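Q: Everything in the sequence shown is counted per numbering that gives the first Met the number 0, starting at 0 for the first residue and increasing by one.
Don't be surprised by glycine CBs; every beta carbon is placed ideally from N, CA and C.
Computed from a predicted model, the values in this text were never measured in an experiment.
Can you keep this structure in mind? I'll have questions shortly.
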Amino acid sequence: MTTVIPINTQLVDDETASVMKSWGLDLVAPNAIREMLPTDNSDVVVEIDSPGGLVTAGSSIATLLKDYPGTVTAKIIGQAASAATVVALSADKIMMAPTATFMIHRVSVSGISGNSGDLDKYSDVLSMQDKQFANLYASKTGKTADEMLKLMADETYMSAQQAKDIGFVDEIMFEEQPTLVAGPKTMLTKEIVDALKEYREIKDKQSNLVLNVDTDELAEKLANKLNPHKEPKQSKFAGFLF
Numbered sequence: 000m001t002t003v004i005p006i007n008t009q010l011v012d013d014e015t016a017s018v019m020k021s022w023g024l025d026l027v028a029p030n031a032i033r034e035m036l037p038t039d040n041s042d043v044v045v046e047i048d049s050p051g052g053l054v055t056a057g058s059s060i061a062t063l064l065k066d067y068p069g070t071v072t073a074k075i076i077g078q079a080a081s082a083a084t085v086v087a088l089s090a091d092k093i094m095m096a097p098t099a100t101f102m103i104h105r106v107s108v109s110g111i112s113g114n115s116g117d118l119d120k121y122s123d124v125l126s127m128q129d130k131q132f133a134n135l136y137a138s139k140t141g142k143t144a145d146e147m148l149k150l151m152a153d154e155t156y157m158s159a160q161q162a163k164d165i166g167f168v169d170e171i172m173f174e175e176q177p178t179l180v181a182g183p184k185t186m187l188t189k190e191i192v193d194a195l196k197e198y199r200e201i202k203d204k205q206s207n208l209v210l211n212v213d214t215d216e217l218a219e220k221l222a223n224k225l226n227p228h229k230e231p232k233q234s235k236f237a238g239f240l241f
């Protein structure tokens with residue numbers, strides 16, 4: 000049985016999620032994901048439609064999914080933005096709806112205060128986290144970290160096809176997948192097999208159209224031809240033919 004885990008809101012820490020839940024607002028936090036993971040290591044599908052959120056929350060959720068022994072498939076059904084992209088990339092297979100959006104950008108910080116030394120420290124931390132994400136993106140796509148940093152700096156929004164072309168996504172949902180073959184160009188295609196199958200069915204139907212012949216009557220007529228002076232034997236009724 001496959002377990003579906005929805006990630007369809009902002010990613011927050013466990014404490015924030017607990018407080019907001021008391022106000023009737025469900026947000027995605029690491030503990031909630033941990034509780035939803037099956038204990039039998041069966042397959043998991045993570046449905047993502049999230050604008051992102053806290054870097055630490057996204058990292059924790061991604062680690063939980065990456066560490067899960069079973070197979071994890073990520074399906075981006077709406078948007079995977081910012082920290083939600085980290086969650087998506089933790090899956091064994093990443094699928095994306097043709098109308099969904101994939102967005103990466105640089106890490107930001109809010110609600111800070113302090114002197115110039117404090118702000119310099121925050122700047123260093125942000126730069127470090129940008130490089131961490133760039134390395135993660137590069138390992139998935141096969142591109143360089145510098146290429147990923149450029150996309151992040153530009154706050155790049157991607158369609159499903161663009162995300163697949165770059166290498167973030169393995170498959171676009173609902174698209175018929177081509178069958179890969181290793182052999183000569185003249186190998187049988189599905190269309191040829193279907194045509195041959197249809198031809199065979201027609202031939203089978205034709206072969207079933209047999210004549211209703213009485214073998215005794217046929218033998219007697221043949222004997223009469225060979226010996227016309229012999230008195231013919233009374234033919235028996237063979238049934239009506241139409």
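1) Fully enclosed by the stretch 47-135, which beta strand (DSSP E) runs are 3 residues long or longer?
2) Give the secondary structure of T8 by DSSP, where H, G and I count as helix, E and B as strand, and everything else as coil.
3) Any beta carbon from chain D within less than 8 Å of A73's own beta carbon?
4) Should the stretch 81-88 be called in touch with the stretch 43-52, which here means at least 3 C-beta pairs below 8 Å?
5) Which residues mark the beginning and the end of the beta strand (DSSP E) in which M157 is found?
6) Alpha carbon to alpha carbon, how far is V27 from I6? Give it in angstroms, no decimals.
7) Between the beta-carbon of A99 and the beta-carbon of I76, is there less than 8 Å?
8) According to DSSP, is T140 part of a helix, a strand, or is it coil?
9) Just reading off the alpha helix (DSSP H) that P29 is part of, what are its end residues?
10) In this structure, how does DSSP classify V18 when only helix, strand and coil are distinguished?
11) If the criterion is Cβ atoms closer than 8 Å, does the pair A133 and A144 meet it?
12) Among M19, V71, S21 and S122, which has the Cα closest to the Cα of S41?
13) Quick one: what's got a C-beta closer than 6 Å to I60's C-beta in the same chain, skipping five residues either side?
14) Can you pull the DSSP bridge partners for V168?
15) How would you call I111, buried or exposed, if buried means at least 16 neighbouring beta carbons within 10 angstroms?
A: Let me lay it out:
1) 71-80, 92-95 and 100-103
2) coil
3) Checking the listed chains, one finds no chain D in this structure; it contains a single protein chain.
4) Under the 8 Å Cβ criterion, the stretch 81-88 counts as touching the stretch 43-52, having at least three qualifying pairs.
5) Counting along the chain, the beta strand (DSSP E) containing M157 begins and ends at T155 to M157.
6) 6 Å
7) yes
8) Judged by DSSP in its simplified three-state form, T140 adopts helix.
9) P29 to M35
10) helix
11) yes
12) V71
13) P29, I32 and V86
14) V168 pairs with nothing; no bridge assigned.
15) exposed
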